[in-house]
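J.: Using this note's numbering, read the sequence shown as starting at 6 and increasing by one per residue. Below are the C-alpha cells for one structure; questions will follow.
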Amino acid sequence: RMAAAPPSYCFVAFPPCSKDGLVVFGKNSARPRDEVQEVVYFAAADHEPGSKVECTYIEIEQVPKTHAVVLSRPSWLWGAEMGANEHGVCVANEAVVTREPASESEALLGMDLVRLGLERGATAKEALDVIVALLEEHGQGGNYYEDGSSCHTFQSAFLIVDRNEAWILETSGKYWAAEKITEGVKCICNQLSLTTKIDAEHPELRNYVKSQGWWNGDSDFNFSEVFSLADDHIACCSGRESLEKQGGDVSAQAMIDVLRDKDSGVCVDSESFLTTASIVSVLPQDPSFPCIHYFTGTPDPSRSIFKPFIFVDDVKLVPKVQSPSFGNDDPAKKIPRFQEKPDRRHELYKAHEWARSLLENDQDKGQKLMRIMLDLEKQGLEAMEDILSRTEILDPAEVVDLFYDCVDTELKFFK
Numbered sequence: 006r007m008a009a010a011p012p013s014y015c016f017v018a019f020p021p022c023s024k025d026g027l028v029v030f031g032k033n034s035a036r037p038r039d040e041v042q043e044v045v046y047f048a049a050a051d052h053e054p055g056s057k058v059e060c061t062y063i064e065i066e067q068v069p070k071t072h073a074v075v076l077s078r079p080s081w082l083w084g085a086e087m088g089a090n091e092h093g094v095c096v097a098n099e100a101v102v103t104r105e106p107a108s109e110s111e112a113l114l115g116m117d118l119v120r121l122g123l124e125r126g127a128t129a130k131e132a133l134d135v136i137v138a139l140l141e142e143h144g145q146g147g148n149y150y151e152d153g154s155s156c157h158t159f160q161s162a163f164l165i166v167d168r169n170e171a172w173i174l175e176t177s178g179k180y181w182a183a184e185k186i187t188e189g190v191k192c193i194c195n196q197l198s199l200t201t202k203i204d205a206e207h208p209e210l211r212n213y214v215k216s217q218g219w220w221n222g223d224s225d226f227n228f229s230e231v232f233s234l235a236d237d238h239i240a241c242c243s244g245r246e247s248l249e250k251q252g253g254d255v256s257a258q259a260m261i262d263v264l265r266d267k268d269s270g271v272c273v274d275s276e277s278f279l280t281t282a283s284i285v286s287v288l289p290q291d292p293s294f295p296c297i298h299y300f301t302g303t304p305d306p307s308r309s310i311f312k313p314f315i316f317v318d319d320v321k322l323v324p325k326v327q328s329p330s331f332g333n334d335d336p337a338k339k340i341p342r343f344q345e346k347p348d349r350r351h352e353l354y355k356a357h358e359w360a361r362s363l364l365e366n367d368q369d370k371g372q373k374l375m376r377i378m379l380d381l382e383k384q385g386l387e388a389m390e391d392i393l394s395r396t397e398i399l400d401p402a403e404v405v406d407l408f409y410d411c412v413d414t415e416l417k418f419f420k
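Next up, the structure:
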C-alpha cells in the first residue's frame, strides 16, 4: 500500500536570486511509475449561466468565464499536477499527509483545485482565494491514483505563483493556512512546511485545532507542528541549496538542472514512484514580456527535453502529447472505478519509451541520442532568451506553433 505521499518537488526563485528580473518556477511531478501524463491546452471560454463543470469525481458550478490554461496532467483525471494560465499564473500541487486522515469520499482532488485555480484566477492571490473557497464548499477527497484495488487519499499543498509574488497554501480537510513569498528561493515537497509566518488562514483554523487538543492557544501557532504526524516534520528540500548556490543566477537552465538531479532525490526514480513529468516557467516581472512555460510531457527529466510554450491566440494544438480519449467508456468514469486500465500512452510517450530503452541498453547510441536531445533543448532555451532580451514586442505569429514544432522535432529524432 502506497501510504507515503509521492515525493514531488516544487520550486520558485525571485530576484535577486534569479536572473534579470525573472521569477522562475519549477516542479517535478512524482507519481506511480506507469502513469502517463499529457500536456493539454484549453482556450479561454464563456459559459452559460447555471452551467456545471464535471471535475474528476464531482460536478460543480461553472463560472461565467474561464482563462486559457496549459496543463500537465495524469491523463485519467480532469485536473492537473501543474500548469499555467494566460495571465502568468502558475500552480502546482503536492500530496501531503497530516494528522487528519484524508477523506475517501469523492470530492475535489488536489489536482482538480490546481486547474480550477488556474481557470478562475488572474493573479496568484485570486487563484488562492478560488481554491480555498472551493475547498470550503466541496471539500477534498477521493482516490489519487488510477487504482481499483485500493483508495489512496491525501491532503493537499500548493505553490501558486505569478509575476509579482507566490503563495504557499497548505490544507488539511477544509482548513488551511498560507504564506506570501516575494523574495528568495522556496521549495515545497510532500510534507507541510508552513511554520509561524502565516499571512492568510481559514477563519476557524485556530479554534478548530484548539477543540481537537492539538494546540493550547498559549504557544506560538506553528502550522506544521500542529498538523504534522509526530515524526514527519523535517526540512525536506534538498534542491533548494543548489538553487541558492546559483547566487543571483537562477535561470530556466538552472531550474532544469535541479529538476534533473537524481542524487539529491529531487528527480525521483524509485520502486513505487517516478518523476512522470516536469515543468519550468519563467515569468518576467515586466509585463510587456511574455511568460514562457517549458514542459517535458515525458517521464524522467534527466532523459527528457524541456519544450517551450507561450500563450498566444489560436495557439496550435499538439495532439501528439495528448492521450487517447475514451469518453464515457473510460474506466475512470464508470462506477465502480478503475476496473481496468486502458493504454493511455500518447505518441510522444511511446517514442520516448523507445529512447529510454536505448539509453539503458546501448551506451554509445544512447549517449549520442542524449547529446542530440540536449542540443535541441539548448536551441529552444536560447531562442527564448532572445525573445526575453528584445526591445520590440513579440509577434504572436512567431510562436503560435512553437510547442508543436518542438514536439515534432523531438519525435523526428526518436524515429
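Idealized CB from N, CA, C, for every residue including glycine.
1) Does DSSP put V404 in a helix, a strand or coil?
2) Any contact between the region 220–230 and the region 130–137? By contact I mean 3 or more CB pairs, one from each, below 8 Å.
3) State the Cα-Cα distance for the pair Q327 and E352, rounded to the nearest angstrom.
4) Excluding sequence positions up to five away, which residues of its chain have a Cβ less than 8 Å from the Cβ of F159?
5) Name the residue from L381, P306 and G302 whose alpha carbon lies nearest to the alpha carbon of G88.
6) Classify W359: buried if its beta carbon has 16 or more other beta carbons within 10 angstroms, exposed otherwise.
7) Give a yes or no on contact between the region 39–54 and the region 316–333, applying the rule of three or more CB pairs nearer than 8 Å.
8) In this structure, how does DSSP classify E151 when only helix, strand and coil are distinguished?
9) Hey, out of V320, T61 and D204, whose CA is closest to R120's CA?
10) Could you give the residue range of the alpha helix (DSSP H) that holds L264?
11) Buried or exposed for T187, going by 16 or more other Cβ atoms inside 10 Å?
12) Going by DSSP, which residues form a beta bridge with W181?
13) What do you get for S34, buried or exposed, if any count of 16 or more other CB atoms within 10 angstroms of its CB means buried?
14) Per DSSP, what kind of secondary structure is Q145 in: helix, strand or coil?
15) Which runs of the beta strand (DSSP E) fall wholly inside the region 286–343 and span at least 3 residues, in chain order?
16) Indicate whether F16 and V263 have their beta-carbon atoms separated by less than 8 Å.
17) Of the residues D51, L363 and L288, which one's Cα is nearest the Cα of V2?
18) Exposed or buried, what is P79 when buried is set at 16 or more other beta-carbons lying within 10 Å of its beta-carbon?
19) For chain C, is any of its Cβ atoms less than 8 Å away from the one on G146?
20) Can you tell me whether K312 is buried or exposed, with buried defined as 16 or more other CB within 10 angstroms of its CB?
21) Beta-carbon within less than 8 Å of D274's beta-carbon, same chain only, minus the 5 sequence neighbours each way: which residues are those?
22) Pick out whichever of A138, M260, S13 and I315 has its Cα sitting closest to the Cα of P401.
23) Mind the definition here: the region 68–79 touches the region 356–372 only if three or more C-beta pairs lie below 8 Å; say whether that holds.
24) Can you give me the C-alpha to C-alpha distance between N333 and S56, rounded to a whole angstrom?
25) Determine the DSSP secondary structure at E246, reduced to helix, strand or coil.
T.: Looking at the coordinates:
1) As a working note, residue 404 is residue 399 in the sequence shown. The answer is helix: DSSP assigns V404 an H, G or I state.
2) no
3) For the purposes of this step, residue 327 is taken as the residue at position 322 of the sequence shown. For the purposes of this step, residue 352 is taken as the residue at position 347 of the sequence shown. Rounded to whole angstroms, Q327 to E352 spans 8 Å at the Cα level.
4) Here residue 159 refers to the residue found at position 154 of the sequence shown. A10, A100, V101, V102, A107, G115 and Y149.
5) As a first step, residue 88 is located in the sequence shown; it is residue number 83 there, counting from the start. Among L381, P306 and G302, the Cα nearest to that of G88 belongs to G302.
6) Here residue 359 corresponds to residue number 354 of the sequence shown, with the count starting at 1. By the neighbour-count rule (16 or more Cβ atoms within 10 Å), W359 is not buried but exposed.
7) yes
8) Against the sequence shown, residue 151 aligns to sequence position 146. Coil.
9) Counted from its first residue, the sequence shown places residue 120 at position 115. When each option's Cα is compared against that of R120, the closest is T61.
10) Indexing the sequence shown from 1 puts residue 264 at position 259. First-last of the alpha helix (DSSP H) with L264: A257 to L264.
11) As a first step, residue 187 must be located in the sequence shown, where it is residue number 182. Its Cβ having fewer than 16 others within 10 Å, T187 is exposed.
12) If you number the sequence shown from 1, residue 181 lands on position 176. Note: W181 sits in a beta bridge opposite T176.
13) The residue you call residue 34 lines up with position 29 of the sequence shown. Flag for S34 reads buried.
14) In the sequence shown, residue 145 corresponds to position 140, counting from 1. Correct three-state label for Q145: strand.
15) 297–300 and 312–314
16) What you label residue 16 is simply residue 11 of the sequence shown in a count that begins at 1. What you label residue 263 is simply residue 258 of the sequence shown in a count that begins at 1. Yes, Cβ-Cβ distance for F16 and V263 is below 8 Å.
17) Because the chain is modelled from 6 through 420, residue 2 falls outside the range shown and cannot be assessed.
18) Here residue 79 refers to the residue found at position 74 when the sequence shown is read from its first residue. That one is buried.
19) The structure shown contains no chain C; it is built from a single protein chain.
20) As a working note, residue 312 is residue 307 in the sequence shown. Classification for K312: buried.
21) Mapped onto the sequence shown, residue 274 falls at position 269. Take D274, set aside five residues on each side of it, and the residues of its chain with a beta-carbon closer than 8 Å to its own are K267, T280 and D305, in chain order.
22) Here residue 401 refers to the residue found at position 396 of the sequence shown. Checked all of A138, M260, S13 and I315; the closest Cα to P401 is I315.
23) no
24) Within the sequence shown, numbered from 1, the residue matching residue 333 stands at position 328. Within the sequence shown, numbered from 1, the residue matching residue 56 stands at position 51. Rounded to the nearest angstrom, the two C-alpha atoms are 19 Å apart.
25) Counted from its first residue, the sequence shown places residue 246 at position 241. The three-state reading of DSSP puts E246 in helix, counting H, G and I together.
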